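Undergrad: Protein chains in written order, with the working numbering: chain X, 1 to 223; chain S, 224 to 446.
Protein chains: 2
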Amino acid sequence: MPLDPTAAIEITAFNWVPDFAKGNVRDLRVRWALEEAGLAYRARLFDAKDARPEGYLREQPFGQVPAYECGDVRMFESVAIALEIAEGSEALMPRDPMGRARARTWAIAAINSVEIAINALIDVDVFHAGEDWAKARRPQAEQEVRRRLTLLSGWLGDKDHLEDRFTVGDLLMASVLRALRHTDLVAEHENLKAYLARCEARPAFARALADHMAAFERPREAA
Amino acid sequence: MPLDPTAAIEITAFNWVPDFAKGNVRDLRVRWALEEAGLAYRARLFDAKDARPEGYLREQPFGQVPAYECGDVRMFESVAIALEIAEGSEALMPRDPMGRARARTWAIAAINSVEIAINALIDVDVFHAGEDWAKARRPQAEQEVRRRLTLLSGWLGDKDHLEDRFTVGDLLMASVLRALRHTDLVAEHENLKAYLARCEARPAFARALADHMAAFERPREAA
Chain X
1 MPLDPTAAIE ITAFNWVPDF AKGNVRDLRV RWALEEAGLA YRARLFDAKD
51 ARPEGYLREQ PFGQVPAYEC GDVRMFESVA IALEIAEGSE ALMPRDPMGR
101 ARARTWAIAA INSVEIAINA LIDVDVFHAG EDWAKARRPQ AEQEVRRRLT
151 LLSGWLGDKD HLEDRFTVGD LLMASVLRAL RHTDLVAEHE NLKAYLARCE
201 ARPAFARALA DHMAAFERPR EAA
Chain S
224 MPLDPTAAIE ITAFNWVPDF AKGNVRDLRV RWALEEAGLA YRARLFDAKD
274 ARPEGYLREQ PFGQVPAYEC GDVRMFESVA IALEIAEGSE ALMPRDPMGR
324 ARARTWAIAA INSVEIAINA LIDVDVFHAG EDWAKARRPQ AEQEVRRRLT
374 LLSGWLGDKD HLEDRFTVGD LLMASVLRAL RHTDLVAEHE NLKAYLARCE
424 ARPAFARALA DHMAAFERPR EAA
C-alpha cells in the first residue's frame, strides 16, 4: 500500500539517522508487516539527532521509534506492533491455534534468542567500535552469534520458512538477520543465506524498505 | 495450583543450575503466569550441566528452557508462552482491545527495552566477571541500565502498575527487574522498588518461586 496521509494507522519513524542505521531502524519491521497485511498508514517523522517532541515519552516511554496508533489503540515496541498487525491478518498468521502459537513463538525467538546475540556484536562493531574493551570482547560476541546461527540453521534445514509457511515470525527473524549485513556470518550457512534472500525478495519488503529509505530524503513535516 | 503430574500442560525446567541462576531461570515466568491463570501443570526437569536429551532441539531449537506443551500446541520462549497463557486468562490480560494491546506492548518492552540493557550488565557481572574487558565495559553498561530505569520510573509515576491494573506486562517487567538483585539500581527509584515488591508479593509469584526453587532439591525424574 502507498503511504496515505489520511490513513487511520500512524507510526513514528526517523527522517535522519546515521548512515549505518539506514535500512535497519525498527520502523522498517512495522512498515513491512503493514505492507504484508495490505494496510495503509501514515508516518510521523523525527530527526534522531534532535530531542523528541514534547510529550513523546507518553507515547513511547523510552523515546524510541516506532510508536503506533490506530483509533483508541496506542502501542510501542516494533515486535508488539508487528504481532498486533499479524493477529488481524492471515498473510502474517495462520488461522489454526497451533500455527498461531508457532508464529508467536518465532516472533519472540527472533528477538530473544537471535537478536540478543547480534546486539552484543553490533555494540562492539558499531556503537563502541575502536574502544579497547570492544576489541577484547569481539571474538566472544562473534562466537555466540555463530553458535545461535548454527542452531537456527539446524532448525531451518531445507525448509523455505521457519514453519510450513511465511509468518510474522519469519518477518522478524529476517529483520534481525539483516543487522549482520556488515559480516559474512549469515552466509556461512547456505540455507540461512537463501532464507534471508527469500524473505527480502517479498514485494511487501521492497515497498517497506523503499518507504523507510525515502523518509531520509524528506523534510520533517512530510509523511 | 499445585504441580500436577497428570496435568495437560507440561513445561521444561532445570533441576540443577549454578547458585546465581536459582530464582532467575526463565521457567519461573511461565510458572508465575500459570499460577496467576489458575492452570495446573507438570514440569520435566533437566540438569543444566548435562547435554540436553536426544531430540530436545526439535522442541526448543536453542536448547534452552522452558519449552511448553499443551495438547497440539508446542511453544518455546518464556515471553511467547506467558503471552499465550495470558490470551486465555483475564487475570493476566484485560478483555478490551486497548487493554490487550497495552499488556502486549509492556510484555515486549520488558525484554526489548529493559532486559536488553540488564543483560549487558549481567554479562559483565556474572558471565564474564573478572575479565579485563568486562571491567572496562561495566560503567557504560550500568549507565545504560540506569538510563532505562529512569525512563521506566518516569512512566510508572505513582501508579501501582504499568497500566491501570496488573497484567502479563507487569509479570514480565517484574521478572526482568529481579535480575538486578545483586545491585541497588532498582532501589534508586522509590516507585520502582515499591512496584517490584508489589509484584513479588502476589501469592501466585510466591507459589511459582517455591516450585521453581524446589525443583533444585528434587531428583531428575520427579515433577
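By construction, the Cβ of each residue, glycine as well, lies at the ideal position given by its N, Cα and C atoms. The structure presented is a predicted model; accordingly, all values stated were derived computationally and were not measured.
Any beta-carbon of chain S closer than 8 Å to the one on residue 167 of chain X?
TA: By this cut-off, residue 167 of chain X is not an interface position.
Undergrad: Is there a C-beta anywhere in chain X that falls below 8 Å from the one on residue 286 of chain S?
TA: Yes - at least one Cβ of chain X is within 8 Å of the one on residue 286 of chain S.
Undergrad: In the segment 247-283 of chain S, which residue ranges form an unbroken alpha helix (DSSP H) of at least 4 residues, counting only runs that do not cross its ends?
TA: Here the runs fully enclosed are 250-260, 279-282.
Undergrad: At a CB-CB cut-off below 8 Å, which residues of chain X make contact with residue 377 of chain S?
TA: Per Cβ cutoff of 8 Å: 57, 61.
Undergrad: Going along chain X, which residues have a C-beta under 9 Å from residue 409 of chain S?
TA: Within 9 Å Cβ-Cβ: nothing; residue 409 of chain S doesn't reach chain X, min ~17 Å.
Undergrad: Can you tell me where the alpha helix (DSSP H) with residue 428 of chain S in it begins and where it stops?
TA: Note, residue 428 of chain S: alpha helix (DSSP H), 426-437.
Undergrad: Which chain X residues are close to residue 327 of chain S, counting only those with a beta carbon under 8 Å from its beta carbon?
TA: In chain order: 75, 80, 83, 84.
Undergrad: Of the residues that make up the segment 137-149 of chain X, which ones have a beta carbon closer than 8 Å to any beta carbon in chain S?
TA: Per Cβ criterion, the list reads 137, 140, 148.
Undergrad: The alpha helix (DSSP H) that contains residue 150 of chain X, what's its start and end?
TA: Unbroken alpha helix (DSSP H) run through residue 150 of chain X: 132-156.
Undergrad: Got a sec? Which residues, its chain only, sit under 7 Å from residue 430 of chain S by beta carbon, not counting five neighbours each side?
TA: The answer, listed in chain order, is 258.
Undergrad: Given this structure, state the Cα-to-Cα distance separating residue 242 of chain S from residue 271 of chain S, to the nearest angstrom.
TA: Distance between the alpha carbons of residue 242 of chain S and residue 271 of chain S: 12 Å.
Undergrad: Any residues in the segment 109-128 of chain X with a beta carbon nearer than 9 Å to a beta carbon of chain S? Which ones, in chain order?
TA: For the segment 109-128 of chain X, which is checked against every Cβ of chain S, the residues closer than 9 Å are 109, 111, 112, 113, 114, 115, 116, 119, 120, 123, 128.
Undergrad: Can you tell me where the alpha helix (DSSP H) holding residue 332 of chain S begins and where it ends?
TA: First-last of the alpha helix (DSSP H) with residue 332 of chain S: 320-332.
Undergrad: Under 8 Å, Cβ to Cβ, is there at least one residue of chain X near residue 356 of chain S?
TA: For residue 356 of chain S, the answer is yes, since a Cβ of chain X falls inside 8 Å of its Cβ.
Undergrad: Nearest by alpha-carbon distance to residue 8 of chain X: which of X/74, X/29, X/202 is it?
TA: Answer by Cα proximity: X/74.
Undergrad: If you follow the alpha helix (DSSP H) that residue 191 of chain X is in, where does it begin and where does it stop?
TA: Note, residue 191 of chain X: alpha helix (DSSP H), 190-200.
Undergrad: Helix, strand or coil for residue 389 of chain S per DSSP?
TA: Looking at residue 389 of chain S - three-state DSSP - the assignment turns out to be coil, as it is neither helix nor strand.
Undergrad: For the pair the segment 376-392 of chain S and the segment 276-284 of chain S, tell me if three or more CB-CB distances fall below 8 Å.
TA: No contact exists between the segment 376-392 of chain S and the segment 276-284 of chain S.
Undergrad: Using the C-alpha atoms, what's the distance from residue 239 of chain S back to residue 134 of chain X?
TA: Roughly 33 Å separates the two Cα atoms.
Undergrad: Roughly how many angstroms lie between the CA atoms of residue 339 of chain S and residue 418 of chain S, to the nearest whole one?
TA: Distance between the alpha carbons of residue 339 of chain S and residue 418 of chain S: 20 Å.
Undergrad: On the criterion of 16 or more Cβ atoms from any shown chain inside 10 Å, does residue 181 of chain X qualify as buried, or is it exposed?
TA: Exposed, since its Cβ has fewer than 16 Cβ neighbours within 10 Å.
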